[in-house]
Amino acid sequence: MTTIYLDNNATTQVAADVLAVMLPYFGNLYGNPSSMHTFGGQLGKRIVRAREQTAACLDADPAEVLFTSCGSESDNAAIRGILEANPDKRHIVTTRVEHPAVLNFCQFLRKRGYEVTFLGVDSLGRLDLDELRDSLRPDTAIVSVMYANNETGVIFPIEEIGQIVKAREIPFHVDAVQAIGKIPLRLRSSAIDLLSLSGHKLHAPKGIGVLYIRKGVRWTPFIIGGHQERNRRGGTENAASIVGLGRACELAVANLAEEVSRVARLRDRLESGIIASVPNVRVNGDQEHRLPNTTNISFEYIEGEAILLLLDQHGICASSGSACTSGSLEPSHVLRAMGVPFTAAHGSIRFSLSRYNTDSEVETVIGVLPEIIGRLRAISPFWKDFLEQQAASRG
Ligand code: PLP
């Protein structure tokens, strides 16, 4: 059975080109980039090049690019570094729909005595900019808002938010882990002060991330050690992954427009095919401002996990919004913040596509879903109740 991978917001396949540039670092090129000798020094030069490639993808200065181990580290380091550098400011503004790398870290900081404002969203997952404006205070240390939501794909108006935050001279952090490679990022002309990225969402490997820190922003490093990364993150560089990320950034920029329209066409076909063949489905989130690769669909009155298991039997990989990893089967915090009804939130599935998906894969999914949903609804007490209510209302 071949795999149909529609879970690219979870992680992506490493591009063949990316793997090719990485392999020498697991073979002959094993030196330490900080060494004085030529053997190690050649790695240092490749890291310089990768930093330039990454900076070019962001329209930033290479000196503003700091390599980290993942998106979660970048998010933590961005917020922590600003708080450390501004010890008198004890208030943080973020949203209720952030990734746990921001959300749980802010909850942790709250227990440490910081005040945190968690901004809500409307039923389409949109922020209220007046609420944001009203939340800012003289002691606000940082505003941290994601560019695009990993579950729904909803894109926040980052530049508008940035203008509001900058008018108050507050550092502005953006988690762009899901945006890179899907939305053009031009940091030189933006209001963003700090920005987080993760390699494995961009066809680079797991275990590499980026924190962009605008020149002049007061920020304190978290990992104190050697002089690597201009004294901003101690630790011998992950040379192979850094070089791979540089190449992945180059590929993302080179093919962005073409990829975005191709992937969006596939996503739209998947979405309309499902809507046409399965009753009682709803697409969650603002469809006008949404990542081109993501659709979050609720199949009402059944459990998302059961759908995933049956999709898995066809080799189809997708994701559900429930926090099943915690064992609680609580519906996703994002859908809850949007007020999605219980019977829809529980049956939500996220399909997220990439450059490697094909028309025939999409048609396969559209073909198998009606039977899967029908089977699950046939044994669902919520679906039975719904049908009875419908019959009663028809008299
Ligand atoms: N932020 C967002 C929006 C994400 O989607 C993710 C991963 O899913 C992260 C942060 C964390 O990235 P990483 O897995 O590299 O730690």
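At position 94 of the sequence shown the residue is numbered 74 (this note's numbering), and the sequence of numbers has no breaks.
Note that beta-carbon positions come from the ideal geometry of N, C-alpha and C, so glycine has one too.
None of these values were measured; they are calculated from a predicted model.
- For the ligand PLP, no non-hydrogen atom lies closer than 6 Å to the CB of S124.
- If you compare the alpha carbons of L315, L112, A234 and N56 with that of L175, the shortest gap goes to N56.
- Taking the Cα positions, I222 is about 7 Å away from I188.
- Your pair R270 and V134 checks out as a contact, with CB atoms roughly 6 Å apart and the cut at 8 Å.
- Those residues that have a beta carbon less than 5 Å away from any non-hydrogen atom of the ligand PLP are, in order along the chain, C50, G51, S52, H79, A81, N130, D155, V157, Q158 and S178.
- By alpha-carbon distance to D(-13), the top candidate from I282, T274 and H294 is T274.
- The C-alpha of I172 lies about 46 Å from the C-alpha of W363.
- The residue among G226, L191 and R355 with its C-alpha nearest the C-alpha of V45 is L191.
- In this structure, DSSP gives E238 a helical state, which the three-state scheme calls helix.
- DSSP places F366 in the helix class (H, G or I) of the three-state scheme.
- Here DSSP, grouped into helix, strand and coil, assigns M16 to coil.
- No residue range can be given for F202, since it is assigned to no alpha helix (DSSP H) and is classified by DSSP as neither H nor E.
- Judged by pairs of C-beta atoms under 8 Å, the stretch 60 to 78 touches the stretch 123 to 130, as three or more such pairs exist.
- Check the Cα spacing between G347 and each of A372, I254, A298 and F279: the tightest is with I254.
- For F47, the closest of H17, S300 and L177 by C-alpha to C-alpha distance is L177.
- Here Y192 carries a strand assignment [DSSP, helix/strand/coil].
- Going by C-alpha positions, S49 is about 12 Å away from A220.
- In this structure, S299 sits near R330, with a CB-CB distance shorter than 7 Å.
- A58 has no beta-bridge partner at all, per DSSP.
- Given a length threshold of 4 residues, each whole run of the alpha helix (DSSP H) inside the stretch 108 to 148 is given here in chain order: 109 to 115 and 138 to 147.
- The alpha-carbon of H71 is positioned some 50 Å away from that of T(-18).
- According to DSSP, residue pairing for R335 in a beta bridge does not occur.
- One Cα belongs to G375, the other to F366, and the distance between them is close to 14 Å.
- When rounded, the separation of the alpha-carbon atoms in N211 and A43 is 12 Å.
- Our two residues, N12 and T216, have alpha carbons roughly 7 Å apart in a direct line.
- Going by DSSP, D155 is part of the beta strand (DSSP E) stretching over F152 to D155.
- Counted as a single uninterrupted DSSP element, the beta strand (DSSP E) harbouring R262 occupies residues V261 to V263.
- Per DSSP, the beta-bridge partners of C297 are Y(-15).
- Assigned with DSSP and collapsed to three states, E230 falls in helix.
- Taking the Cα of R168 as reference, the smallest distance to any Cα among V233, C37, L246 and S54 is reached at C37.
- A direct Cα-Cα distance of roughly 7 Å separates V345 from I296.
- With respect to the 7 Å criterion, R113 and I144 are classified as neighbours on the basis of their beta carbons.
- One alpha carbon belongs to G226, the other to R29, and they sit about 8 Å apart.
- DSSP places I352 in the helix class (H, G or I) of the three-state scheme.
- The residue from D108, E149, S252 and H207 with its alpha-carbon nearest to that of D119 is E149.
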